[in-house]
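The structure appears right after this line, and notes come after that.
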Amino acid sequence: MSNGTAESPFSPSAEKSEISSNNPSAFLSQITGAKVAVKLNSGVEYRGDLQCVDGYMNIALEQTEEYVDGVLKNQYGDVFIRGNNGMLVFCFRFVRKFGRYRRIMILNFLG
Amino acid sequence: MADTGADQLDDTIVSEPLDLVRLSLNERVFVKLKGDREIRGRLHAYDSHCNLVLSDVEETVYIMDDEDEDLKTIQKQSEMLFVRGDAVVLISPPTQS
Amino acid sequence: MLFFSFFKTLIDEQVIVELKNDMSVRGTLKSVDQFLNIKLDDVSVVDEVKYPHLSAVKNVFIRGSVVRYVHLPGAVVDTALLEDATRKEAASQASKMGGR
Numbered sequence: 001m002s003n004g005t006a007e008s009p010f011s012p013s014a015e016k017s018e019i020s021s022n023n024p025s026a027f028l029s030q031i032t033g034a035k036v037a038v039k040l041n042s043g044v045e046y047r048g049d050l051q052c053v054d055g056y057m058n059i060a061l062e063q064t065e066e067y068v069d070g071v072l073k074n075q076y077g078d079v080f081i082r083g084n085n086g087m088l089v090f091c092f093r094f095v096r097k098f099g100r101y102r103r104i105m106i107l108n109f110l111g
Numbered sequence: 001m002a003d004t005g006a007d008q009l010d011d012t013i014v015s016e017p018l019d020l021v022r023l024s025l026n027e028r029v030f031v032k033l034k035g036d037r038e039i040r041g042r043l044h045a046y047d048s049h050c051n052l053v054l055s056d057v058e059e060t061v062y063i064m065d066d067e068d069e070d071l072k073t074i075q076k077q078s079e080m081l082f083v084r085g086d087a088v089v090l091i092s093p094p095t096q097s
Numbered sequence: 001m002l003f004f005s006f007f008k009t010l011i012d013e014q015v016i017v018e019l020k021n022d023m024s025v026r027g028t029l030k031s032v033d034q035f036l037n038i039k040l041d042d043v044s045v046v047d048e049v050k051y052p053h054l055s056a057v058k059n060v061f062i063r064g065s066v067v068r069y070v071h072l073p074g075a076v077v078d079t080a081l082l083e084d085a086t087r088k089e090a091a092s093q094a095s096k097m098g099g100r
C-alpha cells in the first residue's frame, strides 16, 4: 500500500524539490513565466507564456497561439482567459533530474 | 495608503490577469464568448465577473450547418453593448495580435 | 457594484435585452438590482413572428443570469466617466485582496 503511493508519479514527494505546494492555484502562480498549454472544456487550446493567475484561476498568457482540433487558428499578443471555463493546464518545463532532461507535464483539472 | 495603491495601479505591470483587461480600457478589444460568438469593440467598463461595456461593437456569430458542413457567419453591429460576464471565454487587446 | 450603479443611470432609457435563448426584448428600463435582474416596461419582442407568445405582455422581469447582452443607446453613456469608475472599482478590489 504505502509502497504504491511512494511510487506514484503524482505523490507529493515525487516532485517535492520542484513543486512544493499541492494547492492548484499556488502551483499555477509558481510556474509563471513557463510555457503552458491551457485546454478549455470546449476543446480549444491556448499555448503561451503564463503571465499570471488569480484566485478565480483567471489566466493571462503572452505570445498566445489558439489551436482548434490541433490546427493553429489564431495568434494573440496577450490574452486574458476567464477562470471558470473548465480547464486543463499543461506545463511544458524541462527539469534536470538523474542527469538527464525529463519533461514534466502537470495536469490541473477544474470543473 | 490608498494613494500608494492607486499609484501601483498606474503601472503597466501585469500582476494579476485582470490588469490585462484594465490596460485595455478605451482600446479596441477582441472578446470570445460561449456559443461561437466573437465581439470586437472599444472597452469602457469591466468588473471581476467579466461583465463588459463596449462601444462600436461588431459581433460575429458562427453557425455550423450540419447538412452541408458550411460555416455560416452572421455579423451584427451595436453602438453600445453590455455583455454579461458569464458568457466570456477570453479577452485580448487586438492591436498587438 | 459598478454595473448596478451603471444600470441605475440608464433607468427610463430604451434598451434591447438579448437573452441566452436568442430572444430579444425591447423596452424601457424601469428597475435593476444588484444581480442585474431587470424590469422593462412597454415591452415588444424584437422577432414577433418567432416569439408571438409575448405580444400581449406589457412589462417583464428578466432574471439577470439569462441575459446575454443589453443593447444601449450610445448617446446616454459617458464613456470617460465609466472608465474612471472602472479604474476606481479595480483599485478597491485590489486593496480588498491585499487586506486578506
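Protein chains in written order, with UniProt numbering: chain A, 1 to 111; chain Z, 1 to 97; chain R, 1 to 100.
Each residue gets a CB set at the ideal place from its N, CA and C atoms; glycine is no exception.
Along the chain, where does the beta strand (DSSP E) containing V38/A start, and where does it finish?
Looking at the DSSP string, the run of the beta strand (DSSP E) that includes V38/A is 35 to 40.
Of the choices K58/R, R68/R, K39/R, I62/R, whose alpha-carbon is the least far from that of G35/Z?
Minimum Cα distance to G35/Z is reached at R68/R.
Evaluate S24/Z with the Cβ neighbour count: other Cβ atoms within 10 Å of its Cβ, from every protein chain shown; 16 or more gives buried, anything less gives exposed.
Buried.
DSSP beta-bridge partners for D70/Z?
For D70/Z, which the question treats as bridged, DSSP gives the partners D65/Z.
DSSP beta-bridge partners of S24/R
BP columns for S24/R point to E18/R.
Quick one, which of N59/R, L81/R, L54/R has its alpha-carbon nearest M23/R's?
Checking every option, the nearest Cα to that of M23/R belongs to L54/R.
Alpha carbon to alpha carbon, how far is G64/R from F6/R?
Here the alpha carbon of G64/R sits roughly 15 Å from the alpha carbon of F6/R.
Compare the Cα-Cα distances from Y62/Z to each of D56/Z, L54/Z, L71/Z, S55/Z and report the closest residue.
Put simply, of D56/Z, L54/Z, L71/Z, S55/Z the residue whose alpha carbon is nearest the alpha carbon of Y62/Z is L71/Z.
What does the alpha-carbon distance come out to for the pair V66/R and E38/Z?
Using only the alpha carbons, I get a separation of about 19 Å.
So that I know if they touch, is there some Cβ in chain Z lying closer than 9 Å to that of Y67/A?
So no, Y67/A is outside the interface.
Following the continuous alpha helix (DSSP H) through Q50/R, name the residue where it begins and the one where it ends.
What sits at residue 50/R in the sequence shown is Lys, not Gln. Note, K50/R: premise wrong, no alpha helix (DSSP H); not H, not E.
Got a sec? Which residues, its chain only, sit under 6 Å from Q75/A by beta carbon, not counting five neighbours each side?
Closer than 6 Å at the Cβ level, and outside the excluded window around Q75/A, lie E65.
Please classify residue 112/A as buried or exposed, where buried requires at least 16 neighbouring CB atoms within 10 angstroms.
Residue 112/A lies beyond the range of chain A shown here (1 to 111); nothing can be said about it.
In chain order, what residues of the segment 78 to 90 of chain A put their CB closer than 9 Å to some CB of chain Z?
Taking 9 Å as the Cβ-Cβ cut-off against chain Z, the residues of the segment 78 to 90 of chain A that qualify are D78, V79, F80, I81, R82, G83, N84, N85.
Proximity test, Cβ basis, 9 Å: M64/Z and chain R
Among the CB atoms of chain R, none fall inside 9 Å of the CB of M64/Z.
Figure out for me which residue from V25/R, E83/R, A91/R, D12/R has the closest Cα to the Cα of V43/R.
Answer by Cα proximity: V25/R.
Ordered along the chain, which non-local residues of its own chain (more than five positions away) have a Cβ less than 8 Å from that of L82/R?
Around L82/R: F6.
Along the beta strand (DSSP E) that carries T92/Z, what are the first and last residues, could you check?
Per the sequence presented here, residue 92/Z reads as Ser, with Thr not at that position. Membership of S92/Z in the beta strand (DSSP E) is indicated by the continuous run 88 to 92.
Along chain R, which residues have their Cβ under 9 Å away from the Cβ of D70/Z?
Correct list: empty, because the minimum Cβ distance to chain R is about 20 Å.
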